[in-house]
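Under our numbering, residues 2 to 164 are what the sequence shown spells out, in order. Just so it is clear, CB atoms sit at the ideal spot from N, CA and C, and this is done for glycine as well. Below is one structure, written out as structure tokens, with a few remarks after it.
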Amino acid sequence: MDDKKRRLRTDYPFFLTYRTRWSDNDQYGHVNNAIYYHLFDAIVNTYLIGQCSLDPMKSKHIGLVVSSFCEFFSPVAFPDVLDLGLRVSRLGTSSVTYEVGMFKSKASSEESNEASDTACAVGGYTHVFVESTSRRSTQMSEQLRSNLMKLAKQSSSPAVSKL
Numbered sequence: 002m003d004d005k006k007r008r009l010r011t012d013y014p015f016f017l018t019y020r021t022r023w024s025d026n027d028q029y030g031h032v033n034n035a036i037y038y039h040l041f042d043a044i045v046n047t048y049l050i051g052q053c054s055l056d057p058m059k060s061k062h063i064g065l066v067v068s069s070f071c072e073f074f075s076p077v078a079f080p081d082v083l084d085l086g087l088r089v090s091r092l093g094t095s096s097v098t099y100e101v102g103m104f105k106s107k108a109s110s111e112e113s114n115e116a117s118d119t120a121c122a123v124g125g126y127t128h129v130f131v132e133s134t135s136r137r138s139t140q141m142s143e144q145l146r147s148n149l150m151k152l153a154k155q156s157s158s159p160a161v162s163k164l
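Pasting the structure below:
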């Protein structure tokens with residue numbers, strides 16, 4: 002079984018920084034669970050648009066989320082600054098499973114000048130790529146698949162999915 006609680010920054014090859022907002026907090030004084038999914042979507046689409054040249058508004062193929070998950074290990078709250086790490090844990094011909102590690106950044110730490118190396122949360126989702134008009138499953142382009150391979154787990158090759 003995969004122990005996500007042991008994820009480190011070094012497990013993720015791509016990062017995006019997010020400064021939490023007051024409105025991200027819920028009545029319990031920490032970032033609301035739904036916000037985590039917004040952040041997962043933000044880093045995945047930042048990578049797809051910036052590194053894979055995918056234009057979700059014009060592309061013939063789009064990724065649809067078919068499953069998602071999140072495991073919470075320690076709370077985050079405004080005014081924390083977060084470092085979101087992205088990797089691919091499974092790569093098929095028409096689907097990809099992303100994993101996002103959420104870490105408190107150096108800017109969040111008042112007590113020390115160091116960023117946290119252990120994840121506050123780990124989550125992600127699976128995209129199945131489909132034709133944008135028919136919504137029928139389709140293979141990823143070689144360019145997209147090649148760029149997603151750059152995010153594959155570093156400890157071993159990614160698991161292969163048939164989707």
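From what residue to what residue does the alpha helix (DSSP H) around T47 run?
T47 -> alpha helix (DSSP H) spans 34-53.
Please classify L35 as buried or exposed, where buried requires at least 16 other C-beta atoms within 10 Å of its C-beta.
The question names Leu, yet the displayed sequence has Ala at residue 35. By the C-beta density criterion, A35 is exposed, having fewer than 16 other C-beta atoms within 10 angstroms.
Host alpha helix (DSSP H) of S24 (start-end):
For S24, there is no enclosing alpha helix (DSSP H), as DSSP marks it with neither H nor E.
For Y126 and S68, which I take to be in contact (beta-carbon distance under 8 Å), what is that distance rounded to the nearest angstrom?
Between S68 and Y126 the Cβ distance is about 6 Å, and since that is below 8 Å, they are a contact.
So, using beta-carbon positions, are Q140 and T94 closer together than 7 Å?
For Q140 and T94, yes; Cβs fall inside 7 Å.
Only counting the same chain, and skipping five residues up and downstream in sequence, which positions put a Cβ closer than 6 Å to that of S157?
Unreliable positioning characterises S157 in this predicted model, as indicated by a pLDDT of 42, which lies under 50. The coordinate reading is nonetheless provided below. Non-local beta-carbon contacts of S157 in its own chain, meaning distances under 6 Å to residues more than five positions away in sequence, are absent.
Measuring CA to CA, which of L145, C121, D81, E72 is closest to V89?
Residue L145 is the option with its Cα nearest to V89.
Give the straight-line distance between the Cα atoms of Y48 and E72, rounded to the nearest whole angstrom.
The straight-line gap from Cα to Cα measures roughly 22 Å.
Just to confirm, is the Cβ distance from I63 to S133 under 7 Å?
In this structure, S133 lies closer than 7 Å to I63 by Cβ.
Alpha-carbon spacing of E100 relative to Y13, whole angstroms:
Counting only the Cα atoms, Y13 lies some 9 Å from E100.
Using a threshold of 7 Å, state whether the C-beta atoms of F79 and T21 are closer than that.
Yes.
Using the C-alpha atoms, what's the distance from S96 back to S142?
Near 11 Å, if we compare the C-alpha coordinates of S96 and S142.
CB S117 to CB V82, shorter than 7 Å?
No, they are not a contact pair.
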